[in-house]
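Q:
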Amino acid sequence: MKHTVLALDTSTEMCSVALRVGNQWAQRSMLAPREHSQKILTLIDEVLAEFELGLADVEQLVVGHGPGSFTGVRIGVSVAQGLAFSQNLPVVAVSTLAALAQQAIRLHDAKTIVSAIDARMNEVYVAVYHNQAGLAKPTLAPQMASLTALAQQPWWPAGPVTAVGTGWQAYGEVLAAGASVQILDDVTLPLAEDMIRLADAGLPAVDAADLEPLYVRNEVTWKKLPGRA
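Numbering follows our numbering, in which position 130 of the sequence shown is assigned residue number 1177; successive positions increment by one, without gaps.
#1: Count the other C-beta atoms from every protein chain shown that fall within 10 angstroms of the C-beta of residue 1277, then say buried if there are 16 or more, exposed otherwise.
#2: Kindly indicate which three-state DSSP category residue 1215 falls into: helix, strand or coil?
#3: Taking the alpha carbon of residue 1199 as the point to measure from, which residue in 1164, 1091, 1225 has its own alpha carbon closest?
#4: Would you mind reading off the limits of the beta strand (DSSP E) that contains residue 1108?
#5: Across which residues does DSSP place residue 1185 in a beta bridge pair?
#6: Helix or strand or just coil, what does DSSP make of residue 1118?
#7: Mind checking whether residue 1064 and residue 1087 have CB atoms under 8 Å apart?
#8: Which of the three DSSP states, helix, strand or coil, is assigned to residue 1220?
#9: Taking the DSSP output, what are the residues bridged to residue 1072?
#10: Would you kindly work out how many angstroms separate the C-alpha atoms of residue 1169 and residue 1193, rounded to a whole number?
#11: Check the C-beta distance from residue 1105 over to residue 1136 and give it rounded, since I have them as a contact under 8 Å.
#12: Return the bridge partner residues of residue 1170 from the DSSP annotation.
#13: What are the start and end residues of the alpha helix (DSSP H) that includes residue 1146?
#14: Between the segment 1159–1166 and the segment 1067–1074, can you find at least three pairs of beta-carbon atoms closer than 8 Å?
#15: Just the Cα atoms here: how many angstroms apart are residue 1120 and residue 1113?
#16: How should residue 1050 be labelled, buried or exposed, when 16 other C-beta atoms within 10 angstroms of its C-beta is the threshold for buried?
#17: Please report the distance separating the alpha-carbon of residue 1116 from that of residue 1166.
#18: Are the beta-carbon atoms belonging to residue 1076 and residue 1238 less than 8 Å from one another?
#19: If I'm right that residue 1095 touches residue 1066 with Cβ under 8 Å, what's the distance once you round it to whole angstroms?
#20: Put residue 1208 into one of helix, strand or coil per three-state DSSP.
#21: What residues are listed by DSSP as bridge partners for residue 1161?
#22: Taking three-plus beta-carbon pairs below 8 Å as touching, is the segment 1133–1151 in contact with the segment 1236–1255?
#23: Since I believe residue 1263 is in contact with residue 1191 (beta carbons under 8 Å), could you give me their beta-carbon distance rounded to a whole number of angstroms?
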């Protein structure tokens, strides 16, 4: 595990930055729709200044690479690439949906989590996770879903479900129809802190040139991950 890790995310309405130095944290998050490109570098400077550090002290970058707003995802990935190239740093890409699930685990010890982000045009980005020793592990990879009762889908998990993200806030009654669902009103947007926690658990780092956004297109169909019933 790297000692000094910087994370950023601009995939949603939230502009979020976190810095972990050993076991100490500095965080900044603000709702800044359409202002991410103006705010993100300032937030990065603020968390570094809290520890009296510079970019040269950072050992690893973490970035939320989507899904979310196409523009926001592009901004976050571009900023991460620029920082990584300038400092020759490895980058770990984390799904915003996984970060939401990790937030639910951190705050509520949630067990089975369905993350959904409002994708507009009557669609949501959705993925399913389970709590494995305090970490969000995927059972359904991120995909696009239309506004139907998600519990009727073949991938819907058995038993009680914790629901997080803006998709549930916007369309909860439709998405939850016929299911036992607890919608968490305090877990709606991903935070950079949780992306660091997932990166610390061993997600692979890539070179800046290989960093790619996770847009999740309409043509992507659902599929279970290997080993999941």
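Glycine included, C-beta positions come from ideal geometry on N, C-alpha and C. These numbers were taken from a predicted model, which means no experiment stands behind them.
A: Walking through what the data contain:
#1: Nothing about residue 1277 can be read from this structure; the chain reaches only from 1048 to 1276.
#2: Residue numbering aside, residue 1215 sits at position 168 when the sequence shown is read from its first letter. Here residue 1215 sits in helix by DSSP.
#3: For the purposes of this step, residue 1199 is identified with residue 152 of the sequence shown, where counting begins at 1. Answer by Cα proximity: 1225.
#4: Counted from its first residue, the sequence shown places residue 1108 at position 61. Start and end: 1107–1111.
#5: Reading the sequence shown from its first residue, position 138 is the one you call residue 1185. Answer is 1176.
#6: Walking along the sequence shown from the start, residue 1118 turns up at place 71. Residue 1118 falls in the helix class under three-state DSSP.
#7: Here residue 1064 is taken as the residue at index 17 of the sequence shown, counted from 1. Here residue 1087 is taken as the residue at index 40 of the sequence shown, counted from 1. Going by C-beta atoms, residue 1064 is nearer than 8 Å to residue 1087.
#8: Taking the sequence shown and counting its residues from 1, one reaches residue 1220 at position 173. DSSP places residue 1220 in helix when its eight states are reduced to three.
#9: Sequence index remark: in the sequence shown, residue 1072 carries index 25 (1-based). Bridge partners of residue 1072: 1067.
#10: The residue given as residue 1169 occupies position 122 in the sequence shown. The residue given as residue 1193 occupies position 146 in the sequence shown. In a straight line, the C-alpha of residue 1169 is about 6 Å away from that of residue 1193.
#11: Within the sequence shown, numbered from 1, the residue matching residue 1105 stands at position 58. Within the sequence shown, numbered from 1, the residue matching residue 1136 stands at position 89. Confirmed, about 6 Å.
#12: For the purposes of this step, residue 1170 is identified with residue 123 of the sequence shown, where counting begins at 1. Its beta-bridge partners are 1193.
#13: In the sequence shown, residue 1146 corresponds to position 99, counting from 1. Start and end: 1143–1155.
#14: no
#15: Here residue 1120 is taken as the residue at index 73 of the sequence shown, counted from 1. Here residue 1113 is taken as the residue at index 66 of the sequence shown, counted from 1. About 6 Å.
#16: Translated into positions along the sequence shown, residue 1050 becomes position 3. Label assigned to residue 1050: exposed.
#17: As a position in the sequence shown, residue 1116 is number 69, starting the count at 1. As a position in the sequence shown, residue 1166 is number 119, starting the count at 1. Cα to Cα, residue 1116 sits roughly 8 Å from residue 1166.
#18: As a first step, residue 1076 must be located in the sequence shown, where it is residue number 29. As a first step, residue 1238 must be located in the sequence shown, where it is residue number 191. Result yes, Cβ atoms of residue 1076 and residue 1238 sit closer than 8 Å.
#19: Along the sequence shown, read from residue 1 onward, the residue named residue 1095 stands at position 48. Along the sequence shown, read from residue 1 onward, the residue named residue 1066 stands at position 19. Confirmed, about 6 Å.
#20: As a first step, residue 1208 is located in the sequence shown; it is residue number 161 there, counting from the start. Residue state, collapsed to three classes: strand.
#21: By one-based count along the sequence shown, residue 1161 stands at place 114. DSSP lists 1175, 1210 as partners of residue 1161.
#22: yes
#23: Start at 1 with the first residue of the sequence shown, and residue 1191 comes out as number 144. Start at 1 with the first residue of the sequence shown, and residue 1263 comes out as number 216. That pair is a contact at about 5 Å.
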